[in-house]
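In my numbering, the protein residues as written are 1198 to 1591.
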């Protein structure tokens, strides 16, 4: 981080104006955004707490952050590997024997019985880099694998699985891999498997592991896998663009009770302040308020692009994604080409959330809404946010 640098004067005010216009146009519901740079921190709330509500969105609103859970899982896993709890090249078979001796489809659109043996076991690093051989198939066409995934209730989404981990893994193990391990990046499923691996390898629940290693040391008091009863009034409803409510706020939310599955892929709730605290620690390469919480080596290893160019060419995702993105250990890496591209490291959540931190400028930015994304393409308010947020460090 650049010593002594802060947020450019007036930047947050201009962001309020731009995002308020997005809310009035219907592009975004009520939201919270935050900027952090050096010793400066600015968190603002705009719009209503729920569509049609007269109650304003509070700055300490609690949001379902979905896939923004992944970088936290990636950091914990990388740190545990450096401590020798397991090795990154360890086969996962020891702790997840259900996924040993895999069969692999002869091609992604093959029938489920058209398989060959896996060339090697799935390794821990394959989980962190989304190259275990399973995940979203983003191409158009008919894919028996995706149909089977849906029938088993295993399709990745913005909320954690409803099955307990052992049941979920058993269902997943009934399917072949799509690709040979370590060869193709496919989104999401590998991080859910990583969470199961971490629980079995450490003998601790993911909730306990995250709290002990990350949330408690950083004072992230509003981050976890459920919302405490006294904090439920700060949890807004999660809606679709057409107004359909996917998860109600308050006591009716699925996050009002402990989940069956602590998902490392998409299970956490958090606030802008907590997330900027995490991002600032990452900018400081593992230090927080004079204390070293993680070795700098863990942050450096986690934020190195792990997907070779030839694999990017064979790993379809959003059109143009690999032209300006990479992937480390549970975290996205942005190579901005446009003013609306987020800088540095971070990720978005399918519930309408976004967090990135940029070592080049020392800026961290977070944008939190609760409008379910229906496409991996960034919504207009994400673009607006990053255009103005990046100017805050110019």
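Cβ atoms here follow ideal geometry from the backbone N, Cα and C, with glycine treated the same way. Predicted model only: the values in this text are computed from it and were never measured.
Candidates the options: closest to residue i by CA position
| i | options | result |
| --- | --- | --- |
| residue 1458 | 1586, 1429, 1351 | 1351 |
| residue 1491 | 1533, 1573, 1412 | 1412 |
| residue 1356 | 1453, 1310, 1258, 1465 | 1465 |
| residue 1301 | 1405, 1454, 1377 | 1377 |
| residue 1576 | 1588, 1548, 1560, 1591 | 1548 |
| residue 1312 | 1462, 1402, 1304 | 1304 |
| residue 1324 | 1537, 1343, 1217, 1296 | 1296 |
| residue 1236 | 1570, 1560, 1572, 1567 | 1560 |
| residue 1536 | 1505, 1509, 1587 | 1587 |
| residue 1307 | 1281, 1287, 1334 | 1334 |
| residue 1310 | 1501, 1316, 1340 | 1340 |
| residue 1316 | 1338, 1288, 1337 | 1288 |
| residue 1389 | 1233, 1461, 1338 | 1461 |
| residue 1265 | 1512, 1498, 1473 | 1473 |
| residue 1332 | 1349, 1348, 1353, 1338 | 1353 |
| residue 1336 | 1374, 1224, 1516, 1508 | 1516 |
| residue 1208 | 1219, 1239, 1222 | 1239 |
| residue 1546 | 1252, 1467, 1361, 1451 | 1467 |
Residue i (DSSP reduced to helix, strand or coil)
| i | result |
| --- | --- |
| residue 1312 | strand |
| residue 1234 | strand |
| residue 1228 | strand |
| residue 1270 | helix |
| residue 1571 | coil |
| residue 1438 | coil |
| residue 1204 | coil |
| residue 1444 | strand |
| residue 1584 | helix |
| residue 1510 | helix |
| residue 1475 | helix |
| residue 1578 | helix |
| residue 1480 | helix |
| residue 1504 | coil |
| residue 1199 | Note that residue 1199 scores 39 on pLDDT, short of 50, meaning its location in the model is unreliable and no value can be drawn from it. |
| residue 1449 | helix |
| residue 1222 | helix |
| residue 1538 | coil |
| residue 1495 | helix |
| residue 1548 | coil |
| residue 1454 | coil |
| residue 1516 | coil |
| residue 1342 | helix |
| residue 1209 | helix |
| residue 1429 | helix |
| residue 1590 | coil |
| residue 1215 | helix |
| residue 1459 | coil |
Bridge partner(s) assigned by DSSP for residue i
| i | result |
| --- | --- |
| residue 1175 | No answer is possible for residue 1175: the residues shown for the chain start at 1198 and end at 1591. |
| residue 1485 | 1488 |
| residue 1362 | In DSSP, residue 1362 forms no bridge with anything. |
| residue 1523 | 1530 |
| residue 1466 | 1261, 1421 |
| residue 1245 | 1253 |
| residue 1239 | 1232 |
Proximity test, Cβ basis, 8 angstroms: residue i and chain D
| i | result |
| --- | --- |
| residue 1546 | Looking at the structure shown, chain D is missing, and only one protein chain is on hand. |
Residue i: CB within 7 angstroms of a non-hydrogen atom of the ligand MG
| i | result |
| --- | --- |
| residue 1233 | Here there are no bound small molecules, and the ligand MG is not part of this structure. |
- Fully enclosed by the segment 1344-1421, which alpha helix (DSSP H) runs are 4 residues long or longer? Those alpha helix (DSSP H) runs which fall completely within the segment 1344-1421 and span 4+ residues are 1362-1370, 1386-1399, 1403-1407.
- May I have a chain-ordered list of the alpha helix (DSSP H) segments no shorter than 4 residues that lie completely inside the segment 1275-1336? Taken in chain order, the complete alpha helix (DSSP H) segments of 4 residues or longer contained in the segment 1275-1336 are 1321-1325.
- Message: Counting beta carbon pairs with one atom in the segment 1364-1384 and one in the segment 1318-1330, are three or more of them shorter than 8 angstroms?
- Response: Yes, since at least three Cβ pairs between the segment 1318-1330 and the segment 1364-1384 fall closer than 8 angstroms, the two stretches touch.
- Would you check if the segment 1546-1565 and the segment 1476-1491 touch, i.e. whether three or more CB-CB distances between them fall below 8 angstroms? By the Cβ test, the segment 1476-1491 is in contact with the segment 1546-1565, since at least three Cβ pairs between them sit closer than 8 angstroms.
- Three or more C-beta pairs closer than 8 angstroms, one from the segment 1431-1451 and one from the segment 1245-1252: is that the case here? Output reads yes: the segment 1245-1252 touches the segment 1431-1451.
- Should the segment 1268-1286 be called in touch with the segment 1526-1539, which here means at least 3 C-beta pairs below 8 angstroms? Contact holds: three or more Cβ-Cβ distances are below 8 angstroms.
- When the Cβ atoms of the segment 1416-1432 are set against those of the segment 1257-1270, are three or more pairs found closer than 8 angstroms? Using a C-beta cut-off of 8 angstroms, the segment 1416-1432 makes contact with the segment 1257-1270, since at least three inter-stretch Cβ pairs fall below that distance.
- Query: Quick one: any contact between the segment 1200-1209 and the segment 1568-1583, if contact means 3 or more CB pairs under 8 angstroms?
  - Reply: Touching, no, given that fewer than three Cβ pairs across the two stretches are closer than 8 angstroms.
- Message: Three Cβ pairs or more, each shorter than 8 angstroms: is that satisfied between the segment 1225-1241 and the segment 1312-1323?
- Response: Too few Cβ pairs lie closer than 8 angstroms, so no.
- With a cut-off of 8 angstroms, do at least 3 Cβ pairs link the segment 1286-1296 to the segment 1383-1402? Yes, they touch.
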